[in-house]
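Visitor:
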Amino acid sequence: MAVAFAWMFGQAKPSGSELLVGILVPKLSSRTIQKAVGVVGCIIMPHNVFLHSALVQSREVDKRQKHRVQEAINYYTIESTIALAVSFMINLFVTTVFAKGFYNTDQADSIGLVNAGQYLQDKYGGGVFPILYIWGIGLLAAGQSSTITGTYAGQFIMGGFLNFKMKKWLRALITRSCAIIPTIIVALVFDSSEATLDVLNEWLNVLQSMQIPFALIPLLCLVSKEQIMGSFKIGPLYQTVAWLVAALVIMINGYLLLEFFSSEVSGVVYTGFVTVFTASYGWEEMGTSALVDSISSFLNLSSSRHIDLDPFEKYYKRVEELLIVLKPVADAASINSHLVSEERIGKSFDDLTQDVDHSIDLFRSWHAFSSKVYFVLQIESLIPKMRETIVDTFHFLMSFESNLPDELSPPSLEKCLEKVKQLSYEEISSVIDGALRDQRDGAGPTPEVLVRIGENTGLRSNQEILIEAVALERQKEIAEQSENNSEVEFLDQLIVIVNRMHERLLLIKQTQTSSVAILADFFCPLSLEVMTDPVIVSSGQTYEKAFIKRWIDLGLKVCPKTRQTLTHTTLIPNYTVKALIANWCETNDVKLPDPNKSTSLNELSPLLSCTDSVPNAPGRSSVSSTTRGSVENGQTSENHHHLRSPSAASSVSNEDSPRAEANENSEESPHATPYSSDASGEIRSGPLAAATTSAAAPPRRDLSDFSPKFMDRRSRGQFWRRPSERLGSRIVSAPSNETRRELIEVENQVKKLVEELKSSSLDVQRQATAEIRLLAKHNMDNRIVIGNSGAIVLLVELLHSTDSATQENAVTALLNLSINDNNKSLIAQAGAIEPLIHVLQNGSSEAKENAAATLFSLSVIEELKIKIGQSGAIGPLVDLLGNGTPRGKKDAATALFNLSIHQENKGTIVQSGAVRYLIDLMDPAAGMVDKAVAVLANLATIPEGRNAIGQEGGIGLLVEVVELGSARGKENAAAALLQLSTNSGRFCNMVLQEGAVPPLVALSQSGTPRAREKAQALLSYFRNQRHGNAGRG
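With the first letter of the sequence shown counted as 1, position 1013 gets the number 1013 in the UniProt record's numbering; the numbers rise by one all the way through.
1) Tell me whether the beta-carbon of Val-376 lies closer than 7 angstroms to the beta-carbon of Pro-311.
2) For a test of the three-state rule: what should DSSP assign to Ala-893, helix, strand or coil?
3) Which of the three DSSP states is assigned to Glu-544 in this structure?
4) Does the pairing of the segment 467–478 with the segment 396–415 give three or more beta-carbon distances under 8 angstroms?
5) Below 8 angstroms on the Cβ atoms is my contact criterion, and I expect Val-391 with Leu-322 to pass it. Report the Cβ-Cβ distance as a whole number of Å.
6) Are the segment 987–1006 and the segment 562–573 touching by the rule of at least three beta carbon pairs closer than 8 angstroms?
7) For Phe-9, collect the residues of the same chain with a Cβ closer than 7 angstroms to its Cβ; drop the 5 residues on either side in sequence, then sort them by chain order.
8) Ile-23 lies in the beta strand (DSSP E); which residues open and close that run?
9) Less than 8 angstroms between the CB atoms is what I'm expecting for Ile-536 and Asn-588, so what's the real figure, rounded?
10) With burial defined as no fewer than 16 other Cβ atoms inside 10 Å of the residue's Cβ, what is the status of Ile-819: buried or exposed?
11) Specify the secondary structure class of Val-530 as computed by DSSP and reduced to three states.
12) Only counting the same chain, and skipping five residues up and downstream in sequence, which positions put a Cβ closer than 7 angstroms to that of Ser-912?
13) Please name the residue in Asp-293, Gly-831, Tyr-374 whose C-alpha comes closest to that of Leu-352.
14) If you draw a straight line from the alpha carbon of Pro-606 to that of Ser-825, how long is it in whole angstroms?
15) From the DSSP output, in three-state form, read off Lys-100 for me.
16) Mind checking Val-319: buried by the 16 CB within 10 Å criterion, or exposed?
17) Would the beta-carbon of Leu-899 fall within 7 angstroms of that of Ser-859?
18) Who pairs with Pro-573 in a beta bridge, going by DSSP?
19) Kindly indicate which three-state DSSP category Val-558 falls into: helix, strand or coil?
20) I'd like to confirm the pairing. Which residues does DSSP put opposite Phe-523 in its beta bridges?
21) Who are the near neighbours of Ser-1020 in its chain, counting only those whose CB is closer than 8 angstroms to its CB and skipping five residues on each side?
22) Can you tell me whether DSSP reads Thr-393 as helix, strand or coil?
23) If you draw a straight line from the alpha carbon of Val-249 to that of Leu-219, how long is it in whole angstroms?
24) Round the Cβ separation of Ala-973 and Gly-1007 to the nearest angstrom and send it over; I've been treating them as touching at under 8 angstroms.
25) Given a threshold of 16 other Cβ atoms within 10 Å of its Cβ, counted over all protein chains shown, does Ile-453 qualify as buried or as exposed?
26) Should Leu-918 and Ile-909 be called a contact, given that it needs their Cβ atoms to be closer than 7 angstroms?
27) Considering only their Cβ atoms, is the gap separating Arg-783 from Leu-817 smaller than 7 angstroms?
28) If you draw a straight line from the alpha carbon of Ile-552 to that of Ile-465, how long is it in whole angstroms?
29) Reducing DSSP to helix, strand and coil, say where Thr-587 ends up.
30) Cβ of Phe-522 within 7 angstroms of Cβ of Ile-581?
31) What is the rounded straight-line gap between the Cα of Thr-457 and the Cα of Leu-921?
32) Just tell me which of Glu-388, Ile-295, Arg-344 has its CA closest to the CA of Asp-361.
33) Going straight from the alpha carbon of Gly-884 to that of Ile-837, what length do you get?
34) Using the C-alpha atoms, what's the distance from Phe-400 back to Lys-317?
35) According to DSSP, is Ala-662 helix, strand or coil?
36) Could you give the residue range of the alpha helix (DSSP H) that holds Asn-820?
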């Protein structure tokens, strides 16, 4: 069409300047406004607006990824712009050709559709391609385009865009009245003469323009809603302009409509009759024909590319089986319109149509990364309702006393009814509801229930479980945007269920992998295998390279563990964790798995047989025979193990959060000290002090930390939950019914203690803080209860108490509460950092120790490392490092280590004089060599740190550690010496003069993988320096 009319435009050869002026400065008179509006209707055809809107909905776009949505919008904009531009150019070509040839001529008033081609032929000829035929081809193409577009648009219009709840016949009546009735009115007013045919053509275009508001107003409403468009909704300025333009078009159309009916009233009466006839036709036919159309639409979904995905395929077949039985009955009823006059049958057909349409929406909107659990719950609530309505409809038809076709005869309907009744299915939604109910009651779902849910929802592998968790998070975001709080809460509970499934797999995998307990951080969260090629993603988490790459290649741009959006997809090798794993495997004679042979399908169901053998499974409590350490007569047994990972600049050892639970009345009970495999540092082990149960004489130390090889698998499973999760804190360990009763007692006790904390009596406050301290020592559930009670804010206020015992109890209680990740955030939000610094400066020895330990616990959160450093905590910690008790020095060193991971804190630590104290603590008699060297290795990455180490005589001691220290001490000392030597020629000579080469050679052959790497790098540097000097000589 465009080519044909462009050919005519070329033959006419209009003046370009006059054409441009006419476009930019249009001149409209009262005689031409009708034609101008008609041109607008031709260009912005309303059915094109509907069609483009429908096509946008039918195209698959990953709405979870903002850049994908933006990309789709850009393409839609280009597509719409091209479509409107082509339509505009076609009208421009036609108008220009006729204006150039016949403006102000005698023929102008006599040209119409019938004779236009002949006039054009007489005027322009056409040569090889007669313009008469070109005009005919253009008209034919225009007619075909309008017919096809109108047909598709009509189909989508009937489907509806606004989600109004109305009957099919009513929607058909409205849309037909808006789209068809006006056209019939115009056709009836004019007779069939050639002159009126041209007028009719003009008015058909005007009617198209009149329908523009019916397309634009809903469109503007939809794109202005944030719950639909999210961040892509149109802004206030764009909204204002768009509504003004729409209002202008409506006003012009209204004026034309009034003008038309004031001069053409003769056909109104007959038009009323046609309107009534059309409406009655729509009323009578829509009930059954709409159901037939909906069934056909559903059966066409079988060609969907997701049809073979589980559980999509299973539930599609269930609905398909029902509709295959229903379809012959609906087909037969659609040709017996008198059936619909029966109210019960008509309502049944309407209800079925709505149910089928709903199922179509569910299946069409589902994609590979949609939530399977949420989909199953929705579709399982719909199928029984649909089945019941079908049964009722068949009963109604069987009781209908009238001559009906064979398909609707009682015997045929009886057979259909029997088939439907035989289609009964197991509903996993009842199992999920039961699991949610158990979870709310505190017991939690059993492993068997988790397996059953996984089997029936298609969550049979770890990867599928992680994708499901991400999908539920996205669904929750949608609910939050629409402020549907009950839905948000429900989705939170579903997320917890899925998290339990993941933890279950992790626990089973840890148990089966080796007879030797393995640190959970050595396992890839995706593969559930010990990592052989660990890499770090932008969220800071570590994964097996092959598995995280496969995850990203699937189009998932979120971290499986934290569910944060990945800012980039670069995979950075984590050599630290790789070396740790290699060293552990070498020590324990464990062979690493082949990542190429590993599979992401870590099946859940085949592992059900291991239920009883897995210790501390989610929802169960157990006690391991592993002994954390002995506490006798107030003496503390300590066994410190060091693990290292790169700091920001130097790949030296890091320390992480003491997440271990406090000693529970000195009973033997397994607990863990998890650390992040991305910042794997020193793991503090052994109880830090004696514990007693007397409130009057509270235990000197409540927080315990343990050796990595005695790690309890239960608490390690908690790594999946983010601290910010609302329900995460409620499911650390799902208690039994007996434990649940105990928790209720604890909750009541804590409420009473919170009120006592508010008392003005020092004695009452002292007793209340002592009891909370003991409760926080006992187990994780108590810590959760206390954290949720509002006690933390009151405890923080009591850090300024003038009563030393109250202050000690408050700071120790906060230390124990900080073991829970949620409580860490609550303590920080309560403004505890400055009060903790106050205790560091003014408290008793024990209070200072626990204040330092609490700051260390809080510093696990990255942003708090910065805040603690900026709040002035480093000076008091350094003072405690130099002048505190032995326990206080260890706590200060641990906290300073964590703070030294952040680059900005390193200079402050050096300026505060920490290096001198750290070097003093390298005396083996102090029992802190490894701790001191770990901090020095971090400080050696900045010039001030290196200068201080050199000036304080630390180089000789570092060489001594390389020769005589522990494996981790040697490793960190070598890292520090490497920094000193490669950044200063003077320090390099000092290292050589201290006799570092022999112990470095020995370390390069027998140390840990990372120690060997550092030693070899340092020896290579020495050789290069020697050869360089020789060359210059």
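Think of the CB as a built atom: it goes at the ideal place given N, C-alpha and C, for glycine as much as any other residue.
Guide: Here's the rundown:
1) The residue you call residue 376 lines up with position 376 of the sequence shown. The residue you call residue 311 lines up with position 311 of the sequence shown. The answer is yes: Cβ separation under 7 angstroms.
2) Stepping through the sequence shown from its first residue, residue 893 is reached at position 893. Three-state result, Ala-893: helix.
3) Position 544 of the sequence shown, counted from the start, is the residue given in the question as residue 544. In the structure shown, Glu-544 sits in a strand (DSSP, three-state: E or B).
4) no
5) In the sequence shown, the residue the question calls residue 391 occupies position 391. In the sequence shown, the residue the question calls residue 322 occupies position 322. In fact, because the Cβ distance is near 10 angstroms, the residues do not count as touching under 8 angstroms.
6) no
7) Reading the sequence shown from its first residue, position 9 is the one you call residue 9. Only Phe-93, Thr-96, Val-97 meet the Cβ criterion.
8) The sequence position of residue 23 within the sequence shown is 23, counting from 1. No beta strand (DSSP E) holds Ile-23; the alpha helix (DSSP H) holding it covers 16–24.
9) What you label residue 536 is simply residue 536 of the sequence shown in a count that begins at 1. What you label residue 588 is simply residue 588 of the sequence shown in a count that begins at 1. Their Cβ separation, rounded to whole angstroms, is 25 angstroms, which puts Ile-536 and Asn-588 out of contact at 8 angstroms.
10) Locating residue 819 in the sequence shown gives position 819, where the first residue counts as 1. That one is buried.
11) One-based indexing of the sequence shown puts residue 530 at position 530. Here Val-530 sits in strand by DSSP.
12) As a position in the sequence shown, residue 912 is number 912, starting the count at 1. Here the set comprises Ile-874, Gly-875, Val-878.
13) The residue you call residue 352 lines up with position 352 of the sequence shown. If we check each option's Cα against that of Leu-352, Asp-293 comes out closest.
14) Within the sequence shown, residue 606 is the residue found at index 606, counting from 1. Within the sequence shown, residue 825 is the residue found at index 825, counting from 1. With a pLDDT of 44 at Pro-606, under the threshold of 50, the modelled position of this residue cannot be trusted; read the value that follows with caution. Their Cα atoms are separated by approximately 39 angstroms.
15) Here residue 100 is taken as the residue at index 100 of the sequence shown, counted from 1. Lys-100: helix per DSSP, three-state reduction.
16) The count along the sequence shown starts at 1 and reaches residue 319 at position 319. By the neighbour-count rule (16 or more Cβ atoms within 10 Å), Val-319 is buried.
17) Here residue 899 refers to the residue found at position 899 when the sequence shown is read from its first residue. Here residue 859 refers to the residue found at position 859 when the sequence shown is read from its first residue. The Cβ atoms of Leu-899 and Ser-859 sit closer than 7 angstroms to each other.
18) Numbered from 1 along the sequence shown, position 573 holds the residue referred to as residue 573. According to DSSP, which records beta bridges pairwise, Pro-573 is partnered with Val-535.
19) By 1-based counting over the sequence shown, the position of residue 558 is 558. Strand at Val-558.
20) Position 523 of the sequence shown, counting from 1, holds the residue named residue 523. Per DSSP, Val-530.
21) In the sequence shown, the residue the question calls residue 1020 occupies position 1020. For Ser-1020, where only same-chain residues beyond five positions count, there are no Cβ hits under 8 angstroms.
22) Counting from 1 along the sequence shown, the entry for residue 393 is found at position 393. Of the three classes helix, strand and coil, the one that applies to Thr-393 here is helix, per DSSP.
23) Here residue 249 refers to the residue found at position 249 of the sequence shown. Here residue 219 refers to the residue found at position 219 of the sequence shown. Here the alpha carbons of Leu-219 and Val-249 stand approximately 15 angstroms from one another.
24) As a first step, residue 973 must be located in the sequence shown, where it is residue number 973. As a first step, residue 1007 must be located in the sequence shown, where it is residue number 1007. 11 angstroms between Cβ atoms; not a contact.
25) Indexing the sequence shown from 1 puts residue 453 at position 453. Under this definition Ile-453 is a buried residue.
26) Sequence index remark: in the sequence shown, residue 918 carries index 918 (1-based). Sequence index remark: in the sequence shown, residue 909 carries index 909 (1-based). It is not a contact, given that the beta carbons lie outside the stated cut-off.
27) As a position in the sequence shown, residue 817 is number 817, starting the count at 1. As a position in the sequence shown, residue 783 is number 783, starting the count at 1. It is a contact, given that the beta carbons lie within the stated cut-off.
28) Your numbering for residue 552 matches position 552 in the sequence shown. Your numbering for residue 465 matches position 465 in the sequence shown. Across the structure, Ile-552 and Ile-465 are spaced so that their CA atoms are roughly 16 angstroms apart.
29) In the sequence shown, residue 587 corresponds to position 587, counting from 1. Helix, per DSSP.
30) Against the sequence shown, residue 522 aligns to sequence position 522. Against the sequence shown, residue 581 aligns to sequence position 581. For Phe-522 and Ile-581, yes; Cβs fall inside 7 angstroms.
31) Locating residue 457 in the sequence shown gives position 457, counting from the first residue. Locating residue 921 in the sequence shown gives position 921, counting from the first residue. Thr-457 and Leu-921: Cα-Cα distance of roughly 58 angstroms.
32) As a first step, residue 361 must be located in the sequence shown, where it is residue number 361. Considering only alpha carbons, the answer is Ile-295.
33) For the purposes of this step, residue 884 is taken as residue 884 along the sequence shown, with counting starting at 1. For the purposes of this step, residue 837 is taken as residue 837 along the sequence shown, with counting starting at 1. Rounded to whole angstroms, Gly-884 to Ile-837 spans 15 angstroms at the Cα level.
34) As a first step, residue 317 must be located in the sequence shown, where it is residue number 317. As a first step, residue 400 must be located in the sequence shown, where it is residue number 400. The straight-line gap from Cα to Cα measures roughly 31 angstroms.
35) Counted from its first residue, the sequence shown places residue 662 at position 662. Residue confidence for Ala-662 is low, a pLDDT of 38 falling below 50, so the modelled location carries little weight; the figure read from the coordinates is stated next. DSSP places Ala-662 in coil when its eight states are reduced to three.
36) Position 820 of the sequence shown, counting from 1, holds the residue named residue 820. Per DSSP, Asn-820 belongs to no alpha helix (DSSP H) and is neither H nor E.
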